[in-house]
Amino acid sequence: MSLTASTLIIILCAGLATYGTRLAGYWLLRNANMTGRTKAALDAVPPAILMAVIAPAVFLQDWPEMVAGAVTIAAALFRLPLLVVIVLGCATVALLRMVV
Amino acid sequence: MVQAGSTLTARSEFREGLKDISPMVIAYAPIAALWGTIAVSKGLSPLEAFLMSLGVYSGTAQFVATDLWHLGLPLAYLIFTLGTVGLRHVLMSASVSRHMQGFPRGKASFLLFWLTDEAWAIIERRALTTPLTPAYFFGASFPLWPNWALFTLIGALVGKAFGDGRAIGLDFAFAAMFIAVLAGFWKGPRTGAILAASAAACAAKIWISGGWYILIGGAVGMLVAVLTYREDT
Numbered sequence: 269m270s271l272t273a274s275t276l277i278i279i280l281c282a283g284l285a286t287y288g289t290r291l292a293g294y295w296l297l298r299n300a301n302m303t304g305r306t307k308a309a310l311d312a313v314p315p316a317i318l319m320a321v322i323a324p325a326v327f328l329q330d331w332p333e334m335v336a337g338a339v340t341i342a343a344a345l346f347r348l349p350l351l352v353v354i355v356l357g358c359a360t361v362a363l364l365r366m367v368v
Numbered sequence: 008m009v010q011a012g013s014t015l016t017a018r019s020e021f022r023e024g025l026k027d028i029s030p031m032v033i034a035y036a037p038i039a040a041l042w043g044t045i046a047v048s049k050g051l052s053p054l055e056a057f058l059m060s061l062g063v064y065s066g067t068a069q070f071v072a073t074d075l076w077h078l079g080l081p082l083a084y085l086i087f088t089l090g091t092v093g094l095r096h097v098l099m100s101a102s103v104s105r106h107m108q109g110f111p112r113g114k115a116s117f118l119l120f121w122l123t124d125e126a127w128a129i130i131e132r133r134a135l136t137t138p139l140t141p142a143y144f145f146g147a148s149f150p151l152w153p154n155w156a157l158f159t160l161i162g163a164l165v166g167k168a169f170g171d172g173r174a175i176g177l178d179f180a181f182a183a184m185f186i187a188v189l190a191g192f193w194k195g196p197r198t199g200a201i202l203a204a205s206a207a208a209c210a211a212k213i214w215i216s217g218g219w220y221i222l223i224g225g226a227v228g229m230l231v232a233v234l235t236y237r238e239d240t
């Protein structure tokens, strides 16, 4: 269990860098008057980022992930509870991997 | 009486946040353990890996940091690289700030330390239907933190004996959760245009390494939203 000063400094700096990115958006836009195109751009952030994370995790993978993605999308469109959707997705991927 | 009432509300808000994030608390454990194992293989002590998970608290940033620092690069370069790796958090923080206008500044800044991808998705989902409170934010974000650090330590100490959760599909939990959250954001054909654009843009993942594809997909989606914007809505 060693801890060197240089590692501690790196951890602190890396921590400040990541915390900085988490604060930046809030501090930049805290007082912004959001209307029109600015608001439209910000309203697009959640769907756009969610999709950017999902697409490679589902479509750039093997077929078990693609099929599980389709099952998960169907479950989500039926507005099943969050936990049920997650469990269905994981279970589908796990089952299909057993078949492979 | 008013105070008792608001304490009661805060407690139930916290509990609802905790309930909503709990599947991710479970899914995080094997990922954290895997990172702990890798960190030790790169020369960190278990204590250092544990502290890094507490202090940096971002899977992507931690992988990048351990990759870079043995190259003996200047600290400024490391900080700059981590800043760019975390640019998607700037977008997430900007978007969640719309729902934090009533929060005291200090409290909001404090809470934002725990703004991970997973917590952000759950919090945005909540804000679609219910005004966001600090207690909900705390309940939906904080529990992942000690869990991430603890399982980092377990992974660092126990090593590869700890499975990666693939056998029960835990590595898919993150994508499944994001799909479930995304379904709530559908507002007609314009959303479809945004989704198609960001899905296409993140094909950049094939050519550009690192977490850039998330930022590119997000930015292209925003651009499409601006271009398809009409005054009447």
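Protein chains in written order, with our numbering: chain A, 269 to 368; chain B, 8 to 240. In this text, a Cβ means the ideal position worked out from N, Cα and C, and glycines have one as well.
Taking the C-beta atoms as reference points, Ala39(B) is found nearer than 8 Å to Phe158(B).
Here Gly113(B) is exposed, its C-beta having fewer than 16 other C-beta atoms within 10 Å. Under the Cβ distance rule, Met334(A) does not count among the residues neighbouring chain B, no pair being separated by less than 8 Å. If you keep only unbroken beta strand (DSSP E) runs of at least 3 residues inside the region 111-183 of chain B, you get nothing at all. Nearest in C-alpha terms to Ser216(B), of all of Arg197(B), Met31(B), Ser60(B) and Thr91(B), is Thr91(B).
Comparing alpha-carbon positions, the option among Lys307(A), Gly357(A) and Ala312(A) lying closest to Lys194(B) turns out to be Ala312(A).
For Val233(B), the number of other beta carbons within 10 angstroms of its own is below 16, and it is reported as exposed.
Put simply, the CB of Trp76(B) is near chain A, with a gap under 8 Å to one of its CB atoms. In this structure Arg290(A) does not touch Phe87(B) by the C-beta definition: roughly 17 Å separates them, more than the 8 Å allowed.
Ile354(A): member of the alpha helix (DSSP H) spanning Leu350 to Val367, first to last residue. For Thr67(B), the enclosing alpha helix (DSSP H) has its first and last residue at Gly66 to Trp76. Residue range Pro196 to Ala208 is occupied by the alpha helix (DSSP H) that includes Thr198(B). For the set Leu82(B), Gly24(B), Ser29(B) and Ala207(B), the Cα lying nearest the Cα of Thr137(B) is the one of Gly24(B).
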